Amino acid sequence: MTHEVFNQVPPLAGHDVSDEAALLDGLHREGAGWAEAEVRELGRLAGTERAQEWGRLANEHPPVLRTHDRCGHRIDEVEFHPAWHELMTVAVTHGLHGSAWTDTREGAHVARAAKFYTWRVDAGHGCPVSMTYAAVPALRQSPELAAQYEPLLARPEYDFGLRPPLTKTALLAGMSMTEKQGGSDVRANTTTAAPQPDGTYRLVGHKWFTSAPMCDVFLTLAQAPGGLTCFLVPRVLPDGGLNPLRLMRLKDKLGNRSNASSEVEYDEALAWRVGDEGRGVRTIIEMVNMTRLDCVIGAASGMRLGVTTAAHHAAHRSAFGRPLIDQPLMRNVLADLAIESEAATTTMLRLAAATDRSVRGNESETAFKRLGLAVSKYWICKRWPAHAAEALECLGGNGYVEESGMPRLFRESPLNSIWEGSGNVAALDLLRATLREPQTLEAFFEEVTLAQGADKRLDAAIKETKESFADTATIEYRARRVAENLALVLQASLLVRHGHPAVADAFCATRLAGDWGGAFGTLPSGLDIAPIIDRATPKVG
Numbered sequence: 000m001t002h003e004v005f006n007q008v009p010p011l012a013g014h015d016v017s018d019e020a021a022l023l024d025g026l027h028r029e030g031a032g033w034a035e036a037e038v039r040e041l042g043r044l045a046g047t048e049r050a051q052e053w054g055r056l057a058n059e060h061p062p063v064l065r066t067h068d069r070c071g072h073r074i075d076e077v078e079f080h081p082a083w084h085e086l087m088t089v090a091v092t093h094g095l096h097g098s099a100w101t102d103t104r105e106g107a108h109v110a111r112a113a114k115f116y117t118w119r120v121d122a123g124h125g126c127p128v129s130m131t132y133a134a135v136p137a138l139r140q141s142p143e144l145a146a147q148y149e150p151l152l153a154r155p156e157y158d159f160g161l162r163p164p165l166t167k168t169a170l171l172a173g174m175s176m177t178e179k180q181g182g183s184d185v186r187a188n189t190t191t192a193a194p195q196p197d198g199t200y201r202l203v204g205h206k207w208f209t210s211a212p213m214c215d216v217f218l219t220l221a222q223a224p225g226g227l228t229c230f231l232v233p234r235v236l237p238d239g240g241l242n243p244l245r246l247m248r249l250k251d252k253l254g255n256r257s258n259a260s261s262e263v264e265y266d267e268a269l270a271w272r273v274g275d276e277g278r279g280v281r282t283i284i285e286m287v288n289m290t291r292l293d294c295v296i297g298a299a300s301g302m303r304l305g306v307t308t309a310a311h312h313a314a315h316r317s318a319f320g321r322p323l324i325d326q327p328l329m330r331n332v333l334a335d336l337a338i339e340s341e342a343a344t345t346t347m348l349r350l351a352a353a354t355d356r357s358v359r360g361n362e363s364e365t366a367f368k369r370l371g372l373a374v375s376k377y378w379i380c381k382r383w384p385a386h387a388a389e390a391l392e393c394l395g396g397n398g399y400v401e402e403s404g405m406p407r408l409f410r411e412s413p414l415n416s417i418w419e420g421s422g423n424v425a426a427l428d429l430l431r432a433t434l435r436e437p438q439t440l441e442a443f444f445e446e447v448t449l450a451q452g453a454d455k456r457l458d459a460a461i462k463e464t465k466e467s468f469a470d471t472a473t474i475e476y477r478a479r480r481v482a483e484n485l486a487l488v489l490q491a492s493l494l495v496r497h498g499h500p501a502v503a504d505a506f507c508a509t510r511l512a513g514d515w516g517g518a519f520g521t522l523p524s525g526l527d528i529a530p531i532i533d534r535a536t537p538k539v540g
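When the letters of the sequence shown are read in order and numbered with numbering that gives the first Met the number 0, they come out as residues 0 to 540.
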């Protein structure tokens, strides 16, 4: 034996992942306090070594495409490691997919958001879970299809395998929109949809990104005689034969490796129309907006994982004669990361509450959600990569090796900003909303001004943000700045009203008043950071 191993950090396991003040306080505040026991149950499972091992294995053994069987027959199947199925079983049986749509309790969507946020052991399997959740409101544009499929999409059972959808006990849904030549410009799609005498359509064309191709049904866009239209496409035909969706390959992606993302060709694939011909974007945007909510939830969850991992490491690692967590500069970094995390968590819960109230017919909440979701999707998802990089750096070289889990977190972090519209798309979308639906801007400022008078820095930021809309000649050029300012005043107003006073004060001093540097860990002196760090340090054992 050449040396003694000491000063090592124990695994971050054996704790309740949901034991977080910002999450649990928000759960009660936004009308879903009844779900705390369910959230904590999932949080305890997420904190186990067993669940974390599922996440590791699912990413180290990514899905494999089998296009043909040994006899040369086309099968287009995707094989997954058993850990993937364990992850999916937990997610679906806990209702992270579509159960909120059939739960009549107030706050059902808030409860679902809290659980989706808590079950953070792997991001990849969240993709089909999220798309299944998001498919329901779009599918409701065709009541007959919704009546058949919605109960199966909401049922808390995981029934994997390629079989006719209506013969299964439960279903998963995917989305297939972008094409090689268009990307986010889906109106440039060339896939065609030919109507048939029986009311179905036949699709011919391709899709450049079809995530989770093992799902049972997909919402997709194609050019019908009346224009771009939304369709429901099954993987397996009612007679048991495979619908001719040819899986060309699986993407070799930066992150999200446990999830299969494919390129697909439609060769006279059977489809049913969802909504009217020519209104495909208006129909599928219902699904897009729901997945954008999950982008915000996922980014907030990733930030929380990053800062808790960093704080846990700092609490158990010593350098230069004392624990890292007691050293002033490390405390500055940890507090700054925690502030960003709590702002994201508080915002995502408010957006989930707006979703819940919108579903129940609250028009003002619908208007607020329209703009609040666009700006939060832009900003919170943009903040995650920098946050993940800084959290990784808190572990030093140990954070750069795969065993720490931080490289996987870092690779995952850019995805949510790209998925469902990258930064420019989100920023331009908010401008489009303010022009076409001016009530959205009114509802947004009604929300943020609820905190008016409580903090002079916030009052000044609200005033400046309102004035930024006056220069219409340059507003498209400034769209990202506008989105950033809107997101910051929303986060600040929520923290001032509902957050811990130390977090709210630090957020306003730095993010609004500009007493801040260009990187995390540049908080000014004089802030009360002790409770901020304490709230971010997981209680293990």
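Quick reminder that beta carbons are idealized off the backbone N, C-alpha and C, glycines included. Only a predicted model underlies this, so the values are computations on that prediction, with no experimental measurement involved.
Looking at the unbroken alpha helix (DSSP H) that takes in residue i, where does it start and where does it end?
i	result
I528	From DSSP, I528 is part of no alpha helix (DSSP H); its letter is neither H nor E.
R382	E362 to E392
R565	Missing from the structure shown is residue 565; the chain here goes from 0 to 540 and no further.
L152	P142 to A153
R111	A107 to T117
R410	M405 to E411
V332	P327 to V358
Residue i to residue j, Cα distance in whole Å?
i	j	result
K462	V447	11 Å
S17	P9	20 Å
G42	R281	37 Å
H497	F115	22 Å
L489	L511	11 Å
M0	H315	25 Å
R330	N423	34 Å
F159	S467	51 Å
M542	G254	An answer regarding residue 542 cannot be provided, because it is not within the stretch 0 to 540 covered by the chain.
W118	Y157	16 Å
K455	A432	29 Å
F409	A387	5 Å
A299	A373	15 Å
C70	T168	30 Å
G94	D68	34 Å
Just mark residue i as buried or exposed, buried being the case when its beta carbon has 16 or more other beta carbons within 10 Å.
i	result
K381	buried
D184	exposed
L449	exposed
V541	What the structure shows of the chain is the stretch from 0 to 540, and residue 541 is not part of that stretch, so it cannot be assessed.
Y476	exposed
C294	buried
F319	exposed
R369	buried
L440	buried
I need the DSSP call for residue i, collapsed to helix, strand or coil.
i	result
E308	Note that residue 308 is Thr in the sequence shown here, rather than Glu. Note: T308 maps to helix in three-state DSSP.
V287	helix
R39	helix
T189	coil
T209	strand
Y265	strand
E3	coil
D75	strand
P322	strand
V400	coil
R567	Absent from the model: residue 567. The displayed extent of the chain is 0 to 540, so no value can be given.
Q222	strand
R510	helix
L56	helix
P81	helix
R248	strand
L449	helix
S492	helix
Considering only DSSP beta bridges, list what residue i is partnered with.
i	result
T282	None, per the DSSP bridge assignment.
R272	F230
F217	G173 and V232
S260	S210
P194	Y200
I need the boundaries of the beta strand (DSSP E) containing residue i, first residue and last residue.
i	result
A229	Checking the sequence shown, residue 229 turns out to be Cys, not Ala. Per DSSP, C229 belongs to the beta strand (DSSP E) from G226 to P233.
H124	Premise fails: H124 is in no beta strand (DSSP E) and is neither H nor E.
T66	V63 to H67
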